Amino acid sequence: MGTMVFRFFEGDAPETVANFKRLVREGFYDGLPFYRVVSGHVIQAGDGGENDKPLVKGEFGAYPHVTGAVGLARDEDPDSGSTEIYICHAPRPHLDGRYAVFGLVVEGFDVLEAIGQVEVIEDWVGDEKNIAFHKPTEEVVIVRAFLEKRVLDPVETPSSSEETP
Numbered sequence: 002m003g004t005m006v007f008r009f010f011e012g013d014a015p016e017t018v019a020n021f022k023r024l025v026r027e028g029f030y031d032g033l034p035f036y037r038v039v040s041g042h043v044i045q046a047g048d049g050g051e052n053d054k055p056l057v058k059g060e061f062g063a064y065p066h067v068t069g070a071v072g073l074a075r076d077e078d079p080d081s082g083s084t085e086i087y088i089c090h091a092p093r094p095h096l097d098g099r100y101a102v103f104g105l106v107v108e109g110f111d112v113l114e115a116i117g118q119v120e121v122i123e124d125w126v127g128d129e130k131n132i133a134f135h136k137p138t139e140e141v142v143i144v145r146a147f148l149e150k151r152v153l154d155p156v157e158t159p160s161s162s163e164e165t166p
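So the sequence shown is numbered by this note's numbering: it starts at 2 and just counts up by one.
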């Protein structure tokens, strides 16, 4: 489908960024699928289960959940994030202050949009069946994740209701 490029917010989420970069260097994400795709909400990747990777302390900074925000998924424990990442397919202000945004898509919004529009099998989970956990009918795989230094323009913190470019 293409390439997405992220900018990291090391000032807001230093441990989360360091954890993600370490996992990328280890090749952890290479070949893993975006196993959760909920159009208008998030696309999510990671190992989808138990692993032996360290947990990351919750770092809930000032950057809001705008389209393209990259966050660390977790369970009810705010310090339980590890390998699961999500990318907001639309602004999700109800997640602000509850999940760590550690980056932003700066290139590849067309790829984000394409993934967000793939055909899915709807799956509703939770006690009240109110959590969308839709799975793509065909795998969308991260072929290769890698780190690259770039000089980027400074980014201002938008409000969570604003769209990013």
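By construction, the Cβ of each residue, glycine as well, lies at the ideal position given by its N, Cα and C atoms. As the structure is a computational prediction, the values presented were derived from the model and not from experiment.
#1: Counting C-beta neighbours from all protein chains within 10 Å, is the total for P155 16 or more, i.e. buried, or is it exposed?
#2: For I122 and R37, I'd like the C-alpha separation in whole angstroms.
#3: How would you write the range of the alpha helix (DSSP H) that A19 sits in, first residue to last?
#4: Does A46 pass the burial test, meaning 16 or more other C-beta atoms within 10 Å, or should it be called exposed?
#5: Quick check on this structure: which residue in S83, Y87, E60 has the alpha carbon closest to the alpha carbon of M5?
#6: If I measure Cβ to Cβ from D124 and keep anything under 8 Å in the same chain, skipping five residues before and after, which residues do I get?
#7: Looking at the secondary structure, which residues open and close the alpha helix (DSSP H) in which G117 lies?
#8: Check whether the Cβ atoms of V57 and T84 lie closer than 7 Å to each other.
By the coordinates alone:
#1: Burial is judged here by how many other beta carbons sit within 10 angstroms of a residue's own beta carbon; P155 has fewer than 16 and is exposed.
#2: When rounded, the distance between both Cα atoms is 10 Å.
#3: DSSP places A19 in the uninterrupted alpha helix (DSSP H) bounded by 15 to 26.
#4: Buried, by the Cβ-count rule.
#5: Out of S83, Y87, E60, Y87 has the C-alpha closest to the C-alpha of M5.
#6: Within the same chain, A133, F134, H135, K136 come within 8 Å of D124 by CB-CB distance, once the 5 residues on both sides are set aside.
#7: Segment 110 to 117, the alpha helix (DSSP H) holding G117.
#8: For the 7 Å CB-CB criterion, V57 and T84 do not form a contact.
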